[in-house]
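Visitor:
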Amino acid sequence: MASRKKNIGNYFAFGDMSALLVLKNLPFVLFLGFLTVIYIANAHLAEKQIREIQTLRKDVKELKREYNSLKSEIMFKSRLAEIEEQVKGIGLIKKAGRVKRIKVDN
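First residue of the sequence shown: 1033, per our numbering; consecutive thereafter.
1. Determine the direct distance from the alpha carbon of residue 1126 to that of residue 1132, and round the result to whole angstroms.
2. Give me the Cα-Cα distance between residue 1053 and residue 1089, rounded to the nearest whole angstrom.
3. Report back the beta-carbon spacing between residue 1116 and residue 1108 to the nearest angstrom; my notes put them in contact at under 8 Å.
4. Hey, could you find the ends of the alpha helix (DSSP H) residue 1129 is sitting in?
5. First and last residue of the alpha helix (DSSP H) that includes residue 1111?
What follows is the structure, given as structure tokens:
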């Protein structure tokens, strides 16, 4: 029985030593905890930025598609045949002959 009590006492003695060791190195343990918090925060910020970049890439693709469709529409509407078709409704026609210049002397 005495040896058993001695073994239990050794566990408590070791517990006191480890507690003393932790208290002695408490600033280092707190520093490690602080570094861990910074590491986790950095990982979260990086993931957030990656998600934001992905949404911005989707927006850029959508805007490029819209730009190309508007550009093709403008190119189509600025063709001479299309312009003639649009101004026919208000009575304008294309002259068949050469354009005459009006020269004004000051």
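Note that beta-carbon positions come from the ideal geometry of N, C-alpha and C, so glycine has one too. This structure is a prediction, so every number in the text was calculated from the model and none was measured.
Guide: Taking the definition as stated:
1. Residue 1132 sits at position 100 when you count from the first residue of the sequence shown. Residue 1126 sits at position 94 when you count from the first residue of the sequence shown. Roughly 13 Å between the two C-alpha positions.
2. Within the sequence shown, numbered from 1, the residue matching residue 1053 stands at position 21. Within the sequence shown, numbered from 1, the residue matching residue 1089 stands at position 57. Cα-Cα distance, rounded: 52 Å.
3. Against the sequence shown, residue 1116 aligns to sequence position 84. Against the sequence shown, residue 1108 aligns to sequence position 76. At roughly 14 Å, the Cβ-Cβ gap does not stay under 8 Å, so residue 1116 and residue 1108 are not in contact.
4. Locating residue 1129 in the sequence shown gives position 97, counting from the first residue. Unbroken run through residue 1129: none, as it is neither H nor E.
5. Taking the first residue of the sequence shown as position 1, residue 1111 is located at position 79. Note, residue 1111: premise wrong, no alpha helix (DSSP H); not H, not E.
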